[in-house]
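Protein chains in written order, with our numbering: chain A, 127 to 385; chain B, 5 to 266. In this text, a Cβ means the ideal position worked out from N, Cα and C, and glycines have one as well. All figures in this text were calculated on a predicted structure; none of them were measured in a lab.
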Amino acid sequence: MIVAGCDIGSLTAKAVIMKGDEMVAAQVMRAKSHPEESAREVMGKALEQAGLIMDEISFCVGTGYGRASIPFAKMVESEIACHGKGAQWQMPSVRMVIDIGGQDAKAIRLDDQANVIRYVYNDKCASGTGRFLEVMADALNIELGQMGTVSLSSQNPISISNQCVIFAETEIVSLINEGKNIADIVSGLHHALAHRVAALAKGIELQEDIVMTGGVAKNEGMFTALEKALGRKIKNIDRDPQINGALGAAIFAAEKLRN
Amino acid sequence: MIVAGCDVGSLTAKAVIMNGSILGHAVIKAKSKPEESAADVMNLALEKAGLKMDDISFCVGTGYGRSKIPFVNLAVSEIACHGKGAQWIMPSVRTVIDIGGQDCKAMRMDKDGNVLKFSTNDKCAAGTGRFLEVMAKLLGVSLDELGIISENAKDPLSLSSTCTVWVQAEVIHHLNSQKPIADIAAAINRAMAIRVGILANQVSAEKDICMSGGVAKNRGVVSHLEKVLGVKIKKLKYDPQIVGALGAAVIAGEKAKGGNVS
């Protein structure tokens with residue numbers, strides 16, 4: 127039985143293909159202007175990776191911001207449910223998922239059956255989402271993917287006083303002009319974002335084990351900053367944290383077929 | 005007795021010189037250092053009044069950079085100064101809505117200019133002058149033009165986000181969809197008015213209502229705010245940007261009369 131999950135986010139599109147209990151393909155790409163286009167392309171890449179054709183997929187579940195526009199999805203599931211499902215499949219002890227996406231952040235509490243008990247999310251204010259780091263990376267003229275590495279050499283993270291992305295951007299520009307250490311600025315930005323996301327997660331009571339998903343979880347500086355802000359350890363998942371939602375969708379697809 | 009008020013904001017610096025009536029006033033773009041802005045704007049106002057610094061008996065400082073103005077005898081909050089200044093111009097004023105470059109305040113006063121309630125936002129760029137600045141840049145127009153072109157809107161669009169960052173994305177989308185600039189500008193001014201309206205409602209705004217700060221010159225924002233609040237906003241006969249500095253000068257006059265001159 128071959129199933130698939132497709133997660134169309136605001137900035138990236140992800141697809142996962144599963145054969146029985148095994149993940150045989152996972153792809154991530156930058157989103158195109160049309161969600162259908164992103165969906166077709168990322169699924170095409172995953173199929174190619176797995177050496178399969180679309181007709182061989184028995185069931186596909188769609189999720190994410192653009193889930194309603196995935197032409198080949200037979201069912202859609204919320205991102206919340208998919209992130210919970212995917213994380214617990216990867217690590218059964220997981221009871222809390224913190225997902226930081228390009229335009230939102232969520233904290234999800236799960237029971238031992240991957241049912242969502244409570245969740246909270248922010249998509250109203252760009253501060254506290256991946257966009258915060260994106261804007262700052264631009265202001266610093268650093269690749270978004272490099273921010274984690276850059277922050278590692280920081281000795282004295284600078285505390286960022288503004289919360290608003292717009293005001294913080296101005297603050298960063300002044301810090302650069304003052305000749306402040308870039309690593310200290312970047313580390314300060316990680317702490318600022320971590321603080322916002324931790325406040326969100328604390329709103330639904332922290333539960334262990336905690337994992338972090340979404341593109342921002344690839345940033346090692348963010349990983350340690352969030353641990354500090356939460357005052358708890360975060361478990362490391364081996365797989366790419368960006369594919370977790372698509373993986374959860376694929377598991378929903380498999381369950382749907384089984385029932 | 006000649007007194008002065010100096011208001012050093014985030015984007016502009018203002019100075020007013022008074023002797024019962026306004027003798028001179030000036031508005032300049034802020035320099036990188038507040039003390040520099042203060043000295044420059046005060047010199048300009050003195051020049052306009054045909055006076056020199058020694059002629060000033062008492063000077064009150066206000067605004068974001070008020071603690072850094074070297075020549076002031078007293079620093080007073082912007083809230084108090086805006087209320088005072090607006091009521092000096094128009095005694096019937098009970099509510100002042102001040103939109104600055106990076107904040108927004110609403111204050112309600114009694115007939116003697118005492119502040120009864122105030123509310124301020126300096127945490128979020130939405131609803132501050134910065135919001136309009138970002139949007140004007142995106143549309144490729146000046147801040148002044150943003151107000152003017154929105155009056156030609158035939159079919160104003162709507163914006164679903166509040167956050168400046170997300171609105172930016174929405175505006176880019178509208179631009180890419182070839183929507184008329186006037187309709188986008190109207191949507192921006194309306195979004196601004198809705199945010200400011202929330203603050204005004206928090207202080208239970210009462211008539212007469214007036215606006216101060218640079219954004220008060222934007223007709224688009226003012227007319228949308230009138231719709232949001234359901235009342236006319238009174239237009240002050242002086243430049244709305246000098247209201248804070250004027251209030252500071254009025255307070256300086258009261259202090260000087262009280263004999264508290266240091």
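Residue i burial status per 10 Å Cβ neighbour count (16 or more: buried)
| i | result |
| --- | --- |
| residue 276 of chain A | buried |
| residue 155 of chain B | exposed |
| residue 297 of chain A | buried |
| residue 317 of chain A | buried |
| residue 217 of chain A | exposed |
| residue 182 of chain B | exposed |
| residue 205 of chain B | exposed |
| residue 383 of chain A | exposed |
| residue 245 of chain B | buried |
| residue 172 of chain B | buried |
| residue 177 of chain B | exposed |
| residue 241 of chain A | exposed |
Boundaries of the beta strand (DSSP E) in which residue i is found, first to last residue
| i | result |
| --- | --- |
| residue 185 of chain A | 185-189 |
| residue 164 of chain A | Counting along the chain, residue 164 of chain A falls outside any beta strand (DSSP E), though it belongs to the alpha helix (DSSP H) covering 161-176. |
| residue 157 of chain B | Here residue 157 of chain B belongs to no beta strand (DSSP E), and DSSP marks it neither H nor E. |
| residue 281 of chain A | Run containing residue 281 of chain A: none; DSSP gives neither H nor E here. |
| residue 464 of chain A | In the structure displayed, chain A extends from 127 to 385; residue 464 of chain A sits before or after that span and is not available. |
| residue 131 of chain A | 128-134 |
| residue 214 of chain B | 213-216 |
| residue 9 of chain B | 7-12 |
| residue 108 of chain B | 108-113 |
| residue 225 of chain A | 222-226 |
| residue 248 of chain A | 242-248 |
Separation of residue j from residue i, as counted between CA atoms
| i | j | result |
| --- | --- | --- |
| residue 265 of chain B | residue 34 of chain B | Confidence is the limiting factor: at residue 265 of chain B the pLDDT is only 44, short of 50, which leaves the residue's position unreliable, though a coordinate-based value still follows. Straight-line Cα distance between these residues: approximately 28 Å. |
| residue 24 of chain B | residue 99 of chain B | 23 Å |
| residue 233 of chain A | residue 188 of chain A | 20 Å |
| residue 197 of chain A | residue 375 of chain A | 15 Å |
| residue 271 of chain A | residue 65 of chain B | 46 Å |
| residue 164 of chain A | residue 263 of chain A | 25 Å |
| residue 367 of chain A | residue 234 of chain B | 50 Å |
| residue 199 of chain A | residue 127 of chain A | 16 Å |
| residue 19 of chain B | residue 130 of chain B | 27 Å |
| residue 106 of chain B | residue 337 of chain A | 37 Å |
| residue 350 of chain A | residue 215 of chain A | 24 Å |
| residue 238 of chain B | residue 257 of chain B | 25 Å |
| residue 212 of chain B | residue 81 of chain B | 22 Å |
| residue 3 of chain B | residue 128 of chain B | Limits of chain B in this structure are 5 at one end and 266 at the other, which puts residue 3 of chain B out of reach. |
| residue 43 of chain B | residue 295 of chain A | 28 Å |
| residue 172 of chain A | residue 202 of chain B | 48 Å |
| residue 168 of chain B | residue 250 of chain A | 10 Å |
Contact set between residue i and chain A, taken where Cβ atoms lie within less than 7 Å
| i | result |
| --- | --- |
| residue 278 of chain B | In the structure as shown, chain B begins at 5 and stops at 266. Residue 278 of chain B is therefore absent and cannot be evaluated. |
| residue 167 of chain B | 250, 251, 252 |
| residue 182 of chain B | Going along chain A, no residue has its Cβ under 7 Å from residue 182 of chain B, so there is no contact; the nearest lies around 15 Å. |
| residue 134 of chain B | 292 |
Closest by C-alpha distance to residue i, when choosing among the options
| i | options | result |
| --- | --- | --- |
| residue 145 of chain B | B:45, B:186, B:206, B:214 | B:186 |
| residue 359 of chain A | A:220, A:230, A:259 | A:220 |
| residue 21 of chain B | B:12, B:32, B:7 | B:7 |
| residue 279 of chain A | A:288, A:313, A:260 | A:313 |
| residue 189 of chain B | B:200, B:201, B:174 | B:174 |
| residue 204 of chain A | A:151, A:236, A:350, A:133 | A:133 |
| residue 170 of chain B | A:363, A:238, A:145, A:228 | A:228 |
| residue 305 of chain A | A:173, A:266, A:274 | A:266 |
| residue 141 of chain A | A:168, A:129, A:158 | A:168 |
| residue 216 of chain B | B:91, B:172, B:69 | B:91 |
| residue 224 of chain B | B:72, B:136, B:50, B:114 | B:136 |
| residue 347 of chain A | A:143, A:356, A:174, A:273 | A:273 |
| residue 160 of chain B | B:93, B:192, B:96 | B:192 |
| residue 191 of chain A | A:138, A:154, A:235 | A:138 |
Proximal chain B residues relative to residue i, where beta-carbon distance stays under 8 Å
| i | result |
| --- | --- |
| residue 244 of chain A | Residues of chain B passing the Cβ test: none, with the nearest at roughly 24 Å. |
Span of the alpha helix (DSSP H), counted from its first residue to its last, around residue i
| i | result |
| --- | --- |
| residue 233 of chain B | 223-233 |
| residue 314 of chain A | 308-328 |
| residue 206 of chain B | 185-206 |
| residue 384 of chain A | 370-384 |
| residue 255 of chain B | 247-261 |
| residue 165 of chain B | That residue, residue 165 of chain B, is in no alpha helix (DSSP H); it is neither H nor E in DSSP. |
| residue 211 of chain A | 205-216 |
| residue 47 of chain B | 38-53 |
Beta-carbon neighbours of residue i, restricted to chain B and to distances below 9 Å
| i | result |
| --- | --- |
| residue 261 of chain A | 169 |
Amino acids of chain B, ordered along the chain, whose beta-carbon sits closer than 7 Å to that of residue i
| i | result |
| --- | --- |
| residue 257 of chain A | 169 |
Proximal chain A residues relative to residue i, where beta-carbon distance stays under 9 Å
| i | result |
| --- | --- |
| residue 200 of chain B | Those within 9 Å of residue 200 of chain B in chain A number zero; the least Cβ separation is about 16 Å. |
Listed by chain order, chain A residues near residue i by CB distance under 8 Å
| i | result |
| --- | --- |
| residue 175 of chain B | Those within 8 Å of residue 175 of chain B in chain A number zero; the least Cβ separation is about 14 Å. |
| residue 219 of chain B | Neighbours of residue 219 of chain B on chain A: none; closest Cβ ~16 Å, over 8 Å. |
| residue 106 of chain B | 293 |
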